[in-house]
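Engineer: I have a structure I would like to understand better, so I am pasting it below and will then ask my questions one at a time.
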Amino acid sequence: MNVFRLTGDLSHLAAIIILLLKIWKSRSCAGISGKSQILFAIVFTTRYLDLLTSFISIYNTSMKVIYIGCAYATVYLIYMKFRATYDGNHDSFRVEFLVVPVGGLAVLVNHDFSFLEILWTFSIYLESVAILPQLFMISKTGEAETITTHYLFCLGLYRALYLLNWIWRFYFESFFDMIAIVAGVVQTVLYCDFFYLYITKVLKGKKLSLPA
Amino acid sequence: EGERGNKDEL
Chain V
1480 MNVFRLTGDL
1490 SHLAAIIILL
1500 LKIWKSRSCA
1510 GISGKSQILF
1520 AIVFTTRYLD
1530 LLTSFISIYN
1540 TSMKVIYIGC
1550 AYATVYLIYM
1560 KFRATYDGNH
1570 DSFRVEFLVV
1580 PVGGLAVLVN
1590 HDFSFLEILW
1600 TFSIYLESVA
1610 ILPQLFMISK
1620 TGEAETITTH
1630 YLFCLGLYRA
1640 LYLLNWIWRF
1650 YFESFFDMIA
1660 IVAGVVQTVL
1670 YCDFFYLYIT
1680 KVLKGKKLSL
1690 PA
Chain Y
2 EGERGNKDEL
């Protein structure tokens, strides 16, 4: 464990909690892509099946349980409890165009052709593009609530911090995992234009609105 | 087993 991975995990946890609280407190999931949240639930489920097979640490197990629990709670709030506030018209990204290629790639490019390892690889590839429906929805509506931008900032920051963690591990532990690094770079790059808007607008107290 | 050294990462 190093400071980048720890702050990365905490940033990820913050993002998940911010989103859950936003929906729960405002009793609304306006502006939130339910499709992205379903993809994240799939990412956690396929990645954390090792909860059933191996114990690494209290921290590892508790974080995985929290991530999975919050992900399904968020999906439940969006599609069941507050479904009247779900903006399905703008949440129109064709996720099958993500899941199918990612599934194929996971079978072709992985470290070990075993069930759990292919699922892990699938979850790594899927996570790198899982935010696309959400970013697509914001581009369609042309704006995002400020709390949603904080959620996205923490979510984007977490994998950027993981990139620093992998640089640290390469330098000090001469360890690197090409699959996780490439997917992490793709994932972080997808947030770049959002990061620019967040830093130049939201941090200056303006609302995040895209040129329509 | 631990051929992939980042099994401890979330």
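Here the protein sequences line up with chains V and Y, keeping their order. Residues in the first sequence are numbered consecutively from 1480, following this note's numbering. Residues in the second sequence are numbered consecutively from 2, following this note's numbering. Even for Gly, the Cβ is constructed at its ideal location relative to N, Cα and C. As the structure is a prediction and not an experimental result, all values here were calculated from the model.
1) Cα separation between L1530 of chain V and D9 of chain Y?
2) Assuming K1514 of chain V contacts F1601 of chain V under a Cβ cut-off of 8 Å, what Cβ separation, rounded to an integer in Å, is found between them?
3) May I have the straight-line CA-CA distance separating E2 of chain Y from P1690 of chain V, to the nearest angstrom?
4) Strictly under 9 Å for the Cβ-Cβ distance: is A1494 of chain V near chain Y by that measure?
5) Any C-beta of chain Y sitting closer than 9 Å to the C-beta of S1607 of chain V?
6) S1490 of chain V by DSSP, collapsed to three states: which one?
7) If we define contact as Cβ-Cβ less than 9 Å, is W1647 of chain V a contact residue for chain Y?
8) For L1518 of chain V and L1605 of chain V, what's the separation of their Cα atoms in angstroms?
9) Please classify S1607 of chain V: is it buried, with 16 or more other beta-carbons within 10 angstroms of its beta-carbon, or exposed?
10) Answer with buried or exposed for P1612 of chain V, where buried requires no fewer than 16 other C-beta atoms within 10 angstroms of its C-beta.
11) If we define contact as Cβ-Cβ less than 9 Å, is A1659 of chain V a contact residue for chain Y?
12) May I ask you to report which of helix, strand or coil DSSP gives A1563 of chain V?
13) Since I believe I1511 of chain V is in contact with T1627 of chain V (beta carbons under 8 Å), could you give me their beta-carbon distance rounded to a whole number of angstroms?
14) Are S1490 of chain V and L1636 of chain V closer than 9 Å when you measure CB to CB?
15) Between which two residues does the alpha helix (DSSP H) carrying D1570 of chain V extend?
16) May I ask you to report which of helix, strand or coil DSSP gives E1622 of chain V?
17) Under 8 Å by Cβ, that's how I've got I1634 of chain V and F1483 of chain V pegged, so tell me the actual separation to the nearest angstrom.
18) Quick check: what's the CA-CA separation for L1499 of chain V versus Y1558 of chain V?
19) In the structure shown, what three-state DSSP assignment does S1512 of chain V receive?
20) Consult DSSP for S1688 of chain V and reduce its assignment to one of helix, strand or coil.
Structural biologist: Let me lay it out:
1) Within the first sequence, the letter at position 51 stands for residue 1530 of chain V. Within the second sequence, the letter at position 8 stands for residue 9 of chain Y. Cα-Cα distance, rounded: 11 Å.
2) As a first step, residue 1514 of chain V must be located in the first sequence, where it is residue number 35. As a first step, residue 1601 of chain V must be located in the first sequence, where it is residue number 122. Contact flag wrong, Cβ pair sits at about 17 Å.
3) Taking the second sequence and counting its residues from 1, the one referred to as residue 2 of chain Y is at position 1. Taking the first sequence and counting its residues from 1, the one referred to as residue 1690 of chain V is at position 211. Any reading at E2 of chain Y must be qualified, since the residue scores a pLDDT of 46, below 50, and its modelled position is unreliable; the value itself is stated next. For E2 of chain Y and P1690 of chain V, the distance between alpha carbons rounds to 51 Å.
4) Reading the first sequence from its first residue, position 15 is the one you call residue 1494 of chain V. For A1494 of chain V, the answer is no, since every Cβ of chain Y falls outside 9 Å of its Cβ.
5) Taking the first sequence and counting its residues from 1, one reaches residue 1607 of chain V at position 128. S1607 of chain V does not count as touching chain Y.
6) Stepping through the first sequence from its first residue, residue 1490 of chain V is reached at position 11. Here S1490 of chain V sits in helix by DSSP.
7) Walking along the first sequence from the start, residue 1647 of chain V turns up at place 168. It does not; no Cβ of chain Y falls within 9 Å.
8) On the first sequence, position 39 is the one that residue 1518 of chain V refers to. On the first sequence, position 126 is the one that residue 1605 of chain V refers to. So the two alpha carbons sit approximately 7 Å from each other.
9) Position 128 of the first sequence holds residue 1607 of chain V. Per the 10 Å Cβ criterion, buried.
10) Residue numbering aside, residue 1612 of chain V sits at position 133 when the first sequence is read from its first letter. That one is buried.
11) Within the first sequence, residue 1659 of chain V is the residue found at index 180, counting from 1. At least one chain Y Cβ lies under 9 Å of A1659 of chain V.
12) Sequence index remark: in the first sequence, residue 1563 of chain V carries index 84 (1-based). Helix.
13) Working through the first sequence from its first residue, we reach residue 1627 of chain V at position 148. Working through the first sequence from its first residue, we reach residue 1511 of chain V at position 32. Contact holds; Cβ gap of about 7 Å.
14) One-based indexing of the first sequence puts residue 1490 of chain V at position 11. One-based indexing of the first sequence puts residue 1636 of chain V at position 157. The answer is yes: Cβ separation under 9 Å.
15) Here residue 1570 of chain V refers to the residue found at position 91 of the first sequence. Element bounds for D1570 of chain V: n/a, residue is neither H nor E.
16) As a working mapping, residue 1622 of chain V is identified with position 143 in the first sequence. Strand at E1622 of chain V.
17) Start at 1 with the first residue of the first sequence, and residue 1634 of chain V comes out as number 155. Start at 1 with the first residue of the first sequence, and residue 1483 of chain V comes out as number 4. The question names Ile, but residue 1634 of chain V is Leu in the sequence shown. Contact doesn't hold; Cβ gap of about 16 Å is too wide.
18) As a working note, residue 1499 of chain V is residue 20 in the first sequence. As a working note, residue 1558 of chain V is residue 79 in the first sequence. In a straight line, the C-alpha of L1499 of chain V is about 13 Å away from that of Y1558 of chain V.
19) Against the first sequence, residue 1512 of chain V aligns to sequence position 33. S1512 of chain V: coil per DSSP, three-state reduction.
20) Numbered from 1 along the first sequence, position 209 holds the residue referred to as residue 1688 of chain V. It is a strand residue.
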